[in-house]
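Some notes on the structure that comes next.
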Amino acid sequence: MKIGYPCINWTIDCKGNKTFRLKSYSEDRLKIIVKNNLDCLETILKYNIDNNVSFFRITSDLVPFASHPICKFNWQEHFKEDFVRIGELIQKNNIRISMHPDQFIVLNSPDENIFQRSTKELLYHAQILDLMKLDSTAKIQLHIGGAYKDKKSSITRFIQRYKELDSVIKKRLVIENDDRIYSLKDCLYVNQKTNIPILFDVFHHSILHNGETINDAVKTCSGLWDKKDGLLMVDYSSQKFGENKGRHTEKIDTKDFKLFLEETKSYDFDIMLEIKDKEKSALKAIDIAKEDPRFIKI
DNA sequence: TCACGTCAAGCAGAT
DNA sequence: ATCTGCTTGACGTGA
């Protein structure tokens, strides 16, 4: 069991997700920003190593506009050595890595252009992980997509599109249950047809489910990850008190987290804490989990 | 130095 | 028809 947080560290005065406006795009600007982002990523990873945080989600903003037609720059070659160095740091310290393309990336859109753009963006994500020479346990997590008032055919379209993807994407892509359209049950159907692993989101499942217990869900999903995929990844959050259903909490609910660990104690997996205060909650979670026999220290 | 309008991109559901 | 939320902040102009 590894525990981590996504993309941003609020403790360190360094942001690896800096970007700029499309209007102010230039090759020089891109070089400066990407250099900054890579340096900060390295700094954050070192912070994580010092603090036993062995799971991290790399921001999709690492290379701004990488998949946009405006970008003709060969950033892959230009920053090759930086990627290799960061990749070595990750592997040497046995850190698990994930990425999560944002909401604009939809494989099952009826609009062919959106599908094509999404494919380019997925390729960009895969390239980041490939340039770091990470193995296929480093994953890219994605939701199934939209429903377009016809969920059945939208799922079928996802399956068809998935099958046509480049293998560099397919070896890393996993699907995640969401909180409004595609439940764990829907993901399992897609898994049957494609063998794609399912990343289990505990919080989404609490909002949209078909009666499966957390224990059953974790058990089922664990079995879908082969050796080449690594351990099951789980996204964990809880409800923000007093807000609309689905809003993520600001800080970890330690009581809820302890219950979650207790309920799932028969299974091993890696936990990504989707909580607003990022590393602060991750450190609390690690402190709680450090007595757990599943927990791995760096 | 600060306020604030806006930012590449999709979709669903609420207002 | 428009706004909000999603992993939700932060860029950049104008004063």
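Numbering (our numbering), first residue to last: -2 to 295.
Note that CB positions come from ideal geometry on N, CA and C, so glycine has one too.
- In this structure, Tyr121 is the residue among Phe155, Trp222, Lys277 and Tyr121 with its C-alpha nearest to the C-alpha of His65.
- Counting every other CB atom within 10 Å of its CB across the protein chains shown gives Gly142 a total of 16 or more, marking it as buried.
- Note: Ser95 is bridge-paired with Arg54 and Lys136 in the DSSP secondary-structure output.
- Under the 10 Å beta carbon count, Gly13 is surrounded by 16 or more other beta carbons and is classified as buried.
- Using a Cβ distance threshold of 7 Å, Glu288 and Tyr2 do not count as a contacting pair.
- Close CB contacts of Tyr179 within its chain, under the 7 Å cut and outside five residues either way in sequence, are with His140 and Ile141 (chain order).
- Closest by C-alpha distance to Lys190, out of Asn33, Glu109 and Thr153, is Thr153.
- Straight through space, the alpha carbons of His97 and Ile137 are spaced by roughly 6 Å.
- CA-CA distance, Asp265 to Leu19, rounds to 43 Å.
- Classified as buried, Glu173 has 16 or more neighbouring CB atoms from the shown chains inside 10 Å of its CB.
- A direct Cα-Cα distance of roughly 13 Å separates His202 from Ile195.
- As the crow flies, the alpha-carbon of Glu24 is around 10 Å from that of Trp72.
- In the DSSP assignment, Asp232 is bridged to Asp198 and Met269.
- Shown here, Ile204 sits in a helix according to DSSP, grouped into three states.
- The DSSP-derived three-state label of Val171 is strand.
- Measuring C-alpha to C-alpha distances from Thr8 to each of Ile211, Met(-2), Asn45 and Leu27 identifies Asn45 as the nearest.
- Every beta strand (DSSP E) stretch that sits fully inside the stretch 58 to 110 and reaches 3 residues is listed by chain position as 93 to 96.
- If you look at Ile152, you'll find it in the alpha helix (DSSP H) that goes Lys148 to Glu161.
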